[in-house]
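Asks: Numbering (UniProt numbering), first residue to last: 1 to 337. Don't be surprised by glycine CBs; every beta carbon is placed ideally from N, CA and C. Small disclaimer: the values here were computed from a predicted structure and weren't measured. Would you mind keeping the following structure in view while I ask a few things?
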Amino acid sequence: MDPESYGLDKTAVDICNSLMPILDIEPKLIREGFKSLYETQKKHISKTEQYQLTKENGDRLMDVHFFYPKGYENNSSDHKYPVIFYIHGGGFMVDGIKKLPREISDRTNSVLIYPDYGLIPEEKYPLGINQCHQLFVDIMNGNFNPFNDLNIDSISIIGESSGGNYALALPLKLVLSKSPLLMKISKVLVYYPITDSNFESPSYNRFAEKFYLTKEGMKWCWNHYTNNDSERDEITCCPLKATIDQLKDFPETMVMTAETDVLSSEGEEFGLKLSKANVKVSVIRILKTIHGFVSLDQTNDGIACRVGMDVSMNFLNNISNDSVINENNNKNLLKLI
């Protein structure tokens, strides 16, 4: 079926129809292409600090960006902000789009910490997730607070797409190490996350082509991300392979998927697995939209993006979503899984 048959709006259809195959393009050229296409919004208060990675995690300085909410300049110098640890998407290969973290910071009145983790093919699994883990641990232990304005009593983790993979893998690394820091994570929010390397799921087969993110494109990303197939059995690579016992202490989570996305089945399956482990979880599918609908500049003003953002920001802000879900105009856009 074509994108039009799923009721996608014109912007989403245009994005689907403008697809170019990435299989024969150098990753650096793909990165530049995404940067020039999507990085249009620049207005936001942010700071950048360099962070030293250990020898085993790359032995280099990593840029860490700090996004501040509106009104930051008016607060006293000793004001402490809630913290969101945000992990960008981009198929493990492309730097993230800054539109989403900017809005999240504003709407939660939080400092959003955004690491520029290593990208494929230069830095393969497990470097990226290990870099995020190292930074997270140092922040939570009070060893990296360069502007002395972070309230680390609790922290939320957010990720989208491949960043969603890392946002799920990070708590699992804490599970594996039996770290007490796991209990300091208040919430996890993931948008259309990568949770597995199974390319025969229902959504992979239904939306394999023509819907922005393709099956062949994801195979390409996975082949560049892992060094061998056996790594894909590790739960920090494919979080869906975590056992119920490994998930039982997972933080409260929201999983948001897009209807016409190859990743929707695996994201929803992970959410349902959390439910089986008695974790407090919400799994919400946004209908009539594509992968990246809350991330892309082009889809920012569309109803799917606005509804998705309202629901997910209510989750972070501890506000009931009943009114959003029951709104007549939204009933054809939301499906609770």
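Would you check if the segment 205-224 and the segment 88-96 touch, i.e. whether three or more CB-CB distances between them fall below 8 Å?
Replies: Counting Cβ pairs under 8 Å, three or more are found: they touch.
Asks: Are the beta-carbon atoms of Gln131 and Val175 separated by less than 8 Å?
Replies: Cβ distance not < 8 Å, so Gln131 and Val175 don't count as in contact.
Asks: Let me confirm a value: Lys99 is counted as buried when at least 16 other C-beta atoms fall within 10 Å, else exposed. Which label applies?
Replies: Burial call: buried.
Asks: Put Thr253 into one of helix, strand or coil per three-state DSSP.
Replies: Residue state, collapsed to three classes: strand.
Asks: According to DSSP, simplified to helix, strand and coil, what is His65?
Replies: DSSP places His65 in strand when its eight states are reduced to three.
Asks: Give the range of the alpha helix (DSSP H) segment to which Asp245 is assigned.
Replies: Start and end: 244-247.
Asks: Let me check one thing: in DSSP terms, what residues is Pro82 bridge-paired to?
Replies: Looking at the DSSP assignment, Pro82 forms a beta bridge with Asn151.
Asks: Candidates Leu53, Ser5, Asn205, Pro27: which alpha carbon is nearest Leu263's?
Replies: Nearest C-alpha to Leu263: Asn205.
Asks: Assuming contact is defined by CB atoms lying nearer than 8 Å, are Phe199 and Ile290 in contact in what I supplied?
Replies: Not closer than 8 Å, so no.
Asks: Quick one: residues in its chain with C-beta nearer than 7 Å to the C-beta of Tyr225, no 5 flanking neighbours on either side, listed in chain order?
Replies: Here the set comprises Phe92, Ile120, Lys124, Tyr125.
Asks: Are Asp261 and Leu296 close, meaning C-beta to C-beta below 8 Å?
Replies: Cβ distance not < 8 Å, so Asp261 and Leu296 don't count as in contact.
Asks: Straight-line CA distance for Val83 to Asp233?
Replies: Cα-Cα distance, rounded: 31 Å.
Asks: In the DSSP assignment, find the beta strand (DSSP E) that holds Pro115 and state where it starts and stops.
Replies: Element bounds for Pro115: 111-115.
Asks: Is Gln134 buried or exposed, if buried means 16 or more other CB atoms sit within 10 Å of its CB?
Replies: Buried.
Asks: Taking 8 Å as the threshold (C-beta atoms), are Phe250 and Pro171 in contact?
Replies: Yes; because the gap between Cβ atoms is below 8 Å, this pair is in contact.
Asks: So is Pro180 buried or exposed if we call it buried at 16+ other beta carbons inside 10 Å?
Replies: So Pro180 counts as exposed.
Asks: Round the Cβ separation of Phe66 and Phe144 to the nearest angstrom and send it over; I've been treating them as touching at under 8 Å.
Replies: Incorrect: roughly 11 Å between the Cβ atoms, too far for contact.
Asks: Within the same chain, show all residues whose beta-carbon is closer than 7 Å to that of Asn57, passing over the 5 residues directly before and after it, in chain order.
Replies: Excluding sequence neighbours, Asn57 sits near Leu127, Asn130, Gln131, Gln134.
Asks: Tell me the start and end of each unbroken alpha helix (DSSP H) in the segment 192-274 that is at least 4 residues and wholly inside, in chain order.
Replies: Here the runs fully enclosed are 202-206, 215-225, 244-247.
Asks: Within this structure, are the beta carbons of Leu168 and Pro239 separated by less than 8 Å?
Replies: Their beta carbons are under 8 Å apart, which means Leu168 touches Pro239 by this criterion.
Asks: Determine the contact status of Glu266 and Ser323, defining contact as a CB-CB distance below 8 Å.
Replies: No, the pair does not count as a contact, with Cβ atoms beyond the cut-off.
Asks: Can you tell which of Ile104, Val255, Gly142 has its C-alpha closest to the C-alpha of Lys280?
Replies: The candidate whose alpha carbon is nearest that of Lys280 is Val255.
Asks: With a threshold of 16 other CB atoms inside 10 Å of the CB of Met309, please say whether the residue is buried or exposed.
Replies: Buried: at least 16 other Cβ atoms inside 10 Å.
Asks: Determine the DSSP secondary structure at Tyr51, reduced to helix, strand or coil.
Replies: In this structure, Tyr51 counts as strand in the three-state DSSP scheme.
Asks: Could you work out which residue in Ala304, Ser312, Gln298 is closest to Ser282 when comparing CA atoms only?
Replies: It is Ser312.
Asks: What ranges does the beta strand (DSSP E) occupy inside the segment 95-145, keeping only unbroken runs of at least 3 residues that lie completely in it?
Replies: With a minimum length of 3 residues, the continuous beta strand (DSSP E) runs that stay inside the segment 95-145 are 111-115.
Asks: Is it right to say Lys70 is buried, meaning 16 or more other beta carbons lie within 10 angstroms of its own, or is it exposed?
Replies: By the neighbour-count rule (16 or more Cβ atoms within 10 Å), Lys70 is not buried but exposed.
Asks: Which first and last residues belong to the alpha helix (DSSP H) in which Val311 is found?
Replies: Residues 303-316.
Asks: Suppose the cutoff is 8 Å on Cβ atoms and the five residues either side in sequence are ignored; what does the same chain contact list for Thr48 look like?
Replies: Closer than 8 Å at the Cβ level, and outside the excluded window around Thr48, lie Asp63, Val64, His65, Phe66.
Asks: In its own chain, which residues sit with a C-beta less than 6 Å from the C-beta of Lys241, not counting the 5 before and 5 after it?
Replies: Contacts found: Ile235.
Asks: Once DSSP output is grouped into helix, strand and coil, what is the label at Ile157?
Replies: It is a strand residue.
Asks: Look at the alpha carbon of Ile25 and the alpha carbon of Ile97, and state the distance between them as a whole number of angstroms.
Replies: Straight-line Cα distance between these residues: approximately 20 Å.
Asks: Look up Arg60 in the DSSP assignment and say whether it is helix, strand or coil.
Replies: Coil.
Asks: What does a CB cutoff of less than 6 Å around Cys237 pick up in its chain, not counting 5 residues either side in sequence?
Replies: Around Cys237: Tyr125, Glu231.
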